[in-house]
Amino acid sequence: MRTFLVLSASLAAFGCDAIYTDLRPAQPAVDGAMAGTDGGLVAVDAGPVPLADAGVAPDGGPVVAMDAATPASELVGTFEGRGGYDAAGTATLRSTGEGLELVFSNDFSSAAVPGPVVVVTSRSAIGTGLTDADTLVARLDGDSIAGANTFAVDLPAPPDPAFVFVYCEPFGVETARAALEAR
1383 MRTFLVLSAS LAAFGCDAIY TDLRPAQPAV DGAMAGTDGG LVAVDAGPVP
1433 LADAGVAPDG GPVVAMDAAT PASELVGTFE GRGGYDAAGT ATLRSTGEGL
1483 ELVFSNDFSS AAVPGPVVVV TSRSAIGTGL TDADTLVARL DGDSIAGANT
1533 FAVDLPAPPD PAFVFVYCEP FGVETARAAL EAR
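My numbering numbers the first residue of the sequence shown as 1383 and each following residue consecutively.
Here it is in structure tokens:
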């Protein structure tokens, strides 16, 4: 045991000159750029990414073929209740040629809370406050908390990924969320 401790202490004393080389491929740091070896950004063209199974996306869902130059004309999602609240119906975000509009289905409903707002964002959770990444679409009232409705969305293109929330702004509570996907 004494020999092991002496040997371990000797190796620890001389191990300070160890060099670590990261052999993992660089990960994207910013849109279309990767971190360079000097800490700067280097532009890259990732090209097509092959899938292990052409019919299944990496997240396990179906592959949706889209031309990158032509964004999906319609994104659809089903509302789910958040934070113990109930929600139902679907949200559709679509291009009108003049801009984007958000359409709630006839069976849409969300919990009645003080100060509900509709938010479109790329964030999967809003948490306790809105940020610059979130687009406030509309403030809801008693007549628009259930049933069909259409809202103009002040965005040049849908966020990626895209989520629609019904959010209690005064208390910072998510009451409903729809994850939008190309259909």
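From the three backbone atoms N, C-alpha and C, an ideal C-beta is built for every residue, glycine too.
**OP:** Use the C-beta contact count for E1556: other C-beta atoms within 10 angstroms, 16 or more gives buried, fewer gives exposed.
**Re:** With 16 or more Cβ atoms within 10 Å of its Cβ, E1556 is classed as buried.
**OP:** Verify whether the separation of the beta carbon atoms of Y1338 and S1504 is less than 9 Å.
**Re:** Residue 1338 cannot be examined here, being either before or after the span of the chain that is shown, 1383 to 1565.
**OP:** Would you tell me roughly how many angstroms separate the C-alpha atoms of L1457 and V1499, rounded to the nearest one?
**Re:** Whole-angstrom Cα-Cα distance: 20 Å.
Original post:
In three-state terms, what does DSSP make of R1559?
Top reply: Strand, per DSSP.
Original post:
Mapping DSSP to helix, strand and coil, what is R1565?
Top reply: Three-state DSSP puts R1565 in coil, outside helix and strand.
Original post:
With burial defined as no fewer than 16 other Cβ atoms inside 10 Å of the residue's Cβ, what is the status of R1464: buried or exposed?
Top reply: Looking at its Cβ environment, which holds 16 or more other Cβ atoms inside 10 Å, R1464 is buried.
Original post:
Could you give the C-beta distance for A1534 and E1483, rounded to a whole number, given that I count them as a contact under 8 Å?
Top reply: With 8 Å as the limit, A1534 and E1483 qualify as a contact, their Cβ atoms being about 6 Å apart.
Subject >> 7 Å CB neighbourhood of I1508 in its chain, flanking five on each side removed >> reply: By the criterion of a C-beta distance shorter than 7 Å, I1508 is surrounded in its chain by V1501, D1516, F1547, Y1549 and E1556, once the five residues flanking it on both sides are discounted.
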